[in-house]
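Notes follow the structure.
Residue numbers (full-length UniProt numbering): 1 to 73.
Written as structure tokens, this is what we have:
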């Protein structure tokens with residue numbers, strides 16, 4: 001999510017997250033950030049770094065849970 005905001009949004013990170021939360025699109029930002037996790041996951045699997053790939057999966061699941069919590073509020 002930080003990479004997406006840093007590249008595509010002109011405002012600073014804190015202001016962007018605050019505005020996204022107030023407008024109700026923070027979950028969409030989080031989902032876009034989670035999609036970017038596919039690249040390091042695939043790279044770690046190709047290099048046989050199983051524990052790092054597992055960490056990426058855990059981080060993605062945590063983002064999914066946080067997105068669900070934000071969606072249900």
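For glycine and all other residues, C-beta sits at the position ideal for the given N, C-alpha and C.
Check	Outcome
Would you say residue 27 and residue 70 are within 8 angstroms of each other, going by their C-beta atoms?	yes
Distance, Cα to Cα, residue 63 vs residue 29?	11 angstroms
Can you look up residue 25 in the DSSP assignment and give me helix, strand or coil?	coil
Tell me whether the segment 49-64 and the segment 31-41 touch, counting them as touching only if at least three CB pairs, one residue from each stretch, are closer than 8 angstroms.	yes
Under the rule that 16 or more other beta-carbon atoms within 10 Å means buried, what is residue 19, buried or exposed?	exposed
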